[in-house]
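Visitor:
There are 6 protein chains.
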Amino acid sequence: MKLSARNVLKGTVKEINHGAVDSEVVIELSPGVEIVSIITKKSAEGLGLKVGGSACAIIKAPNVIIGVE
Amino acid sequence: MKLSARNVLKGTVKEINHGAVDSEVVIELSPGVEIVSIITKKSAEGLGLKVGGSACAIIKAPNVIIGVE
Amino acid sequence: MKLSARNVLKGTVKEINHGAVDSEVVIELSPGVEIVSIITKKSAEGLGLKVGGSACAIIKAPNVIIGVE
Amino acid sequence: MKLSARNVLKGTVKEINHGAVDSEVVIELSPGVEIVSIITKKSAEGLGLKVGGSACAIIKAPNVIIGVE
Amino acid sequence: MKLSARNVLKGTVKEINHGAVDSEVVIELSPGVEIVSIITKKSAEGLGLKVGGSACAIIKAPNVIIGVE
Amino acid sequence: MKLSARNVLKGTVKEINHGAVDSEVVIELSPGVEIVSIITKKSAEGLGLKVGGSACAIIKAPNVIIGVE
Numbered sequence: 296m297k298l299s300a301r302n303v304l305k306g307t308v309k310e311i312n313h314g315a316v317d318s319e320v321v322i323e324l325s326p327g328v329e330i331v332s333i334i335t336k337k338s339a340e341g342l343g344l345k346v347g348g349s350a351c352a353i354i355k356a357p358n359v360i361i362g363v364e
Numbered sequence: 296m297k298l299s300a301r302n303v304l305k306g307t308v309k310e311i312n313h314g315a316v317d318s319e320v321v322i323e324l325s326p327g328v329e330i331v332s333i334i335t336k337k338s339a340e341g342l343g344l345k346v347g348g349s350a351c352a353i354i355k356a357p358n359v360i361i362g363v364e
Numbered sequence: 296m297k298l299s300a301r302n303v304l305k306g307t308v309k310e311i312n313h314g315a316v317d318s319e320v321v322i323e324l325s326p327g328v329e330i331v332s333i334i335t336k337k338s339a340e341g342l343g344l345k346v347g348g349s350a351c352a353i354i355k356a357p358n359v360i361i362g363v364e
Numbered sequence: 296m297k298l299s300a301r302n303v304l305k306g307t308v309k310e311i312n313h314g315a316v317d318s319e320v321v322i323e324l325s326p327g328v329e330i331v332s333i334i335t336k337k338s339a340e341g342l343g344l345k346v347g348g349s350a351c352a353i354i355k356a357p358n359v360i361i362g363v364e
Numbered sequence: 296m297k298l299s300a301r302n303v304l305k306g307t308v309k310e311i312n313h314g315a316v317d318s319e320v321v322i323e324l325s326p327g328v329e330i331v332s333i334i335t336k337k338s339a340e341g342l343g344l345k346v347g348g349s350a351c352a353i354i355k356a357p358n359v360i361i362g363v364e
Numbered sequence: 296m297k298l299s300a301r302n303v304l305k306g307t308v309k310e311i312n313h314g315a316v317d318s319e320v321v322i323e324l325s326p327g328v329e330i331v332s333i334i335t336k337k338s339a340e341g342l343g344l345k346v347g348g349s350a351c352a353i354i355k356a357p358n359v360i361i362g363v364e
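Residue numbers (our numbering), protein chains in the order written: chain A, 296 to 364; chain S, 296 to 364; chain Z, 296 to 364; chain V, 296 to 364; chain H, 296 to 364; chain E, 296 to 364.
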């Protein structure tokens, strides 16, 4: 499926922490560049996510805030 | 300022495209890993964003969808 | 691609209105049930969206507010 | 109250699953077309949601991603 | 209509700036406390928003980031 | 850090309720004007949030819905 979301970033699942309802998933995009997602545990299980497997982090561009130090 | 957002990703401004109201900002996180943000032109100007300058892409973890091929 | 988003609703493109930067896309999920999306014009063109074609409306569950009258 | 959100979709509460903090609410918009929302349990109780009752799913248009297979 | 969104903040419309597609609406919640919203121009017109009129700013709690200096 | 988010509202932490995974944080912007945020407990602890301390509520303008009664 092709998506309208401007950010479809390919990476590797580095870490999965399951809570009671939600799961925290860490995707490594490149060495040292990681993105954290929170999805429902039901979704994490449905996707069959496993540490070391491939996955994409998908983000709609208006959901990205820019910060400058 | 420290933020509750789980994703505060440091990078370099690679591209800025100003529309009438919104601006599209591309941040390079590492070679070949880019993230696109849409912010208001007023914000882009207020931040003084310039191609080549440093900037962070900030994303709350629940706004990240996971995809698996 | 399988997605973590809980809502992946199949439908038909009923209407596309292109603005300068953004496009408004109306997806008909069933007769009389429509959902409106705003995406960038660049995305709309990249997806090759056409009135009458198939498309999915994808929404993360925490982005849905419930209202009761 | 009238809302700026472009999607105010009327339906029937089909399922409510209460977690410790959050509740998952399934709204049936038409036969076979369902939308899942996650709200706080406190909100679900405050709204007096009941299976079989009427409810609206409210979604701002920029929160809808379009996918094409 | 009662809403699941935790933040339904009453105020007064202080400013409306119409763009080609989107409108920027500033709501004053109390003297000196303002919140800015971007909605489609179509929605702004449909709501009949006028400077000086009453309006609510509605925000789902997971969309609020916390910052500490 | 300067942010592109149009709403960076200064206030005082009025209440913190820790769940297993998430924390609910109430920020008082002015007497009687409060905003509720849900962040991960890990973030709440990382920020060192304390009742009575200063904090900002940060919201991107497209995440604010307008309602009119």
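For each residue, glycine too, the CB sits at the ideal point set by N, CA and C.
For residue 338 of chain H, report the span of its alpha helix (DSSP H) as first-last.
Guide: Per DSSP, residue 338 of chain H belongs to the alpha helix (DSSP H) from 336–341.
Visitor: Would residue 336 of chain E pass as an interface residue toward chain S - the criterion being a Cβ-Cβ separation below 8 Å?
Guide: Chain S contact via Cβ: absent.
Visitor: What does residue 326 of chain A reach in chain V if we use C-beta pairs closer than 9 Å?
Guide: Those do not exist, as residue 326 of chain A stays about 29 Å from chain V at its closest Cβ, beyond 9 Å.
Visitor: For residue 345 of chain E, count the other beta carbons within 10 Å of its own beta carbon; 16 or more makes it buried, fewer makes it exposed. Which is it?
Guide: So residue 345 of chain E ends up on the exposed side.
Visitor: Name the residue from V:314, V:357 and V:308 whose alpha carbon lies nearest to the alpha carbon of residue 338 of chain Z.
Guide: Residue 338 of chain Z has its Cα closest to that of V:357, out of V:314, V:357 and V:308.
Visitor: Below 7 Å between beta carbons is the criterion; list the residues of the stretch 296–326 of chain A that meet it against any residue of chain V, in chain order.
Guide: Correct list: 296, 297, 298, 299, 300, 315 and 316.
Visitor: Apply the 10 Å Cβ neighbour rule to residue 362 of chain Z and answer buried if 16 or more other Cβ atoms are within range, or exposed otherwise.
Guide: Per the 10 Å Cβ criterion, buried.
Visitor: Examine the Cβ distances between the stretch 315–331 of chain S and the stretch 324–341 of chain A and report whether three or more of them are shorter than 8 Å.
Guide: Verdict: yes, contact present.
Visitor: By the DSSP assignment, the beta strand (DSSP E) with residue 359 of chain A in it spans what residues?
Guide: Residue 359 of chain A -> no beta strand (DSSP E), and no H or E assigned at all.
Visitor: What's the C-alpha gap between residue 332 of chain Z and residue 360 of chain V?
Guide: Computed Cα separation, rounded: 7 Å.
Visitor: Can you check whether the CB of residue 352 of chain Z is closer than 8 Å to the CB of residue 334 of chain Z?
Guide: Their beta carbons are not under 8 Å apart, which means residue 334 of chain Z does not touch residue 352 of chain Z by this criterion.
Visitor: Out of S:304, S:340 and S:301, point me to the one whose CA is closest to residue 301 of chain E's CA.
Guide: The candidate whose alpha carbon is nearest that of residue 301 of chain E is S:340.
Visitor: For residue 316 of chain Z, I'd like the list of residues in its chain whose CB is within less than 7 Å of its CB, leaving aside the five on either flank, ordered along the chain.
Guide: Closer than 7 Å at Cβ, skipping near neighbours: 335 and 336.
Visitor: Measuring alpha carbon to alpha carbon, tell me which residue in S:347, S:297 and S:303 is nearest residue 355 of chain S.
Guide: Closest option to residue 355 of chain S, Cα to Cα, is S:303.
Visitor: Tell me which residues share the same chain as residue 305 of chain V and place their Cβ nearer than 6 Å to its Cβ, disregarding the 5 neighbours each side in the sequence.
Guide: Excluding sequence neighbours, residue 305 of chain V sits near 351.
Visitor: Check the Cβ of residue 346 of chain V against every Cβ in chain Z and list those closer than 9 Å, keeping chain order.
Guide: Correct list: empty, because the minimum Cβ distance to chain Z is about 13 Å.
Visitor: So, with DSSP's three-state summary, where would you put residue 306 of chain V?
Guide: DSSP places residue 306 of chain V in strand when its eight states are reduced to three.
Visitor: What did DSSP end up calling residue 344 of chain E once you bin it into helix, strand or coil?
Guide: Three-state DSSP puts residue 344 of chain E in coil, outside helix and strand.
Visitor: Mapping DSSP to helix, strand and coil, what is residue 316 of chain Z?
Guide: Three-state result, residue 316 of chain Z: coil.
Visitor: Does residue 299 of chain Z come out as helix, strand or coil in the three-state DSSP assignment?
Guide: It is coil, neither helix nor strand.
Visitor: Below 8 Å on C-beta distance, what does residue 364 of chain S contact in chain A?
Guide: Within chain A, the residues near residue 364 of chain S are 349 and 351.
Visitor: Along chain A, in chain order, which residues have C-beta atoms closer than 8 Å to that of residue 360 of chain V?
Guide: The contacting residues are 298, 299, 300, 353 and 355.
Visitor: Work out the CA separation of residue 348 of chain E and residue 309 of chain E for me, nearest whole Å.
Guide: If I take the Cα positions, the gap works out to 8 Å.
Visitor: Could you name the residues of the same chain whose beta carbon sits closer than 6 Å to that of residue 313 of chain E, not counting the 5 residues immediately before and after it, in chain order?
Guide: Cβ neighbours of residue 313 of chain E beyond the five flanking positions: 336.
Visitor: Is it buried or exposed for residue 319 of chain S, if we count other Cβ within 10 angstroms and need 16 for buried?
Guide: It is buried - the Cβ of residue 319 of chain S has at least 16 other Cβ atoms within 10 Å.
Visitor: Would you report the Cα separation of residue 299 of chain H and residue 307 of chain V, rounded to the nearest angstrom?
Guide: In a straight line, the C-alpha of residue 299 of chain H is about 15 Å away from that of residue 307 of chain V.
Visitor: Return the CA-CA distance between residue 311 of chain Z and residue 342 of chain Z, expressed in angstroms with no decimal places.
Guide: Cα to Cα, residue 311 of chain Z sits roughly 12 Å from residue 342 of chain Z.
Visitor: Between residue 296 of chain Z and residue 364 of chain V, what straight-line distance do the alpha-carbon atoms span, to the nearest angstrom?
Guide: Near 9 Å, if we compare the C-alpha coordinates of residue 364 of chain V and residue 296 of chain Z.
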